[in-house]
Each structure stands twice: as C-alpha cells, then as structure tokens.
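Okay, so here's the structure we're looking at.
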C-alpha cells in the first residue's frame, strides 16, 4: 500500500498515527544514518517532510499559492521529530475534501 493510497485517519491513538507515518519515519531515519553532518541531515529531513506534505496535498487536488508554500516550509521545519503530527493534520485536510462551502 503506498503512502497516498493509505487512509490518513481518523486516529484514536498515537500508535495509529505512527503506523500511518511509517514511510516518512523510514525516510527520515535513513537520512539520519547517512553519515552527513547534523545540519545537512536536518535540512534534508525538512525537505523530505515538505515533499511528503506537498505530495499528499497535490494528490487531494489542493492548489497551493505562494504563501501556502511558505507555510508548508514552516510546518516542515517545526515538525522536526513529529511525523505523527504531519499525518494527523494531512488526514484532517484529506478527509474534509467532501465539505461543501
């Protein structure tokens, strides 16, 4: 099952969110073990989180403006050790797609 075909939530437990974030955890762990400097690893991990967020939003046909992209970068930078937070927030967005405005 790919990350995009896997439903993101609803989550009742931290363990469920951790399971949903498994693909991202693996990518982040591989970067941590890559032998690069801590600063290089941190920057590469932020890029991985940004790509993960953007990939899921694009799959849900969420159009991003320039400010939206800046917020994606910010979220990717503040979620250093919290892939579970990312999958939870993305789950809210993806599950709300049927809401009429």
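In this note's numbering, the protein residues as written are 348 to 448.
For every residue, glycine included, the Cβ atom is placed at its ideal position computed from N, Cα and C.
Can you tell which of 358, 375 and 410 has the C-alpha that lies nearest to the C-alpha of residue 367? Out of 358, 375 and 410, the CA that lies nearest to the CA of residue 367 is found in 358.
Looking only at C-alpha atoms, which of 414, 423, 406 and 370 sits nearest to residue 442? When only C-alpha atoms are compared, the closest one is 406.
Going by other Cβ atoms of all chains shown within 10 Å of its Cβ, with 16 needed for buried, is residue 433 buried or exposed? buried
Is it true that the stretch 371–388 meets the stretch 409–425, where meeting means three or more beta-carbon pairs spaced less than 8 Å apart? As far as the Cβ criterion goes, the stretch 371–388 does not touch the stretch 409–425, which means the pair count is below three.
Can you tell me where the alpha helix (DSSP H) holding residue 438 begins and where it ends? 430–442
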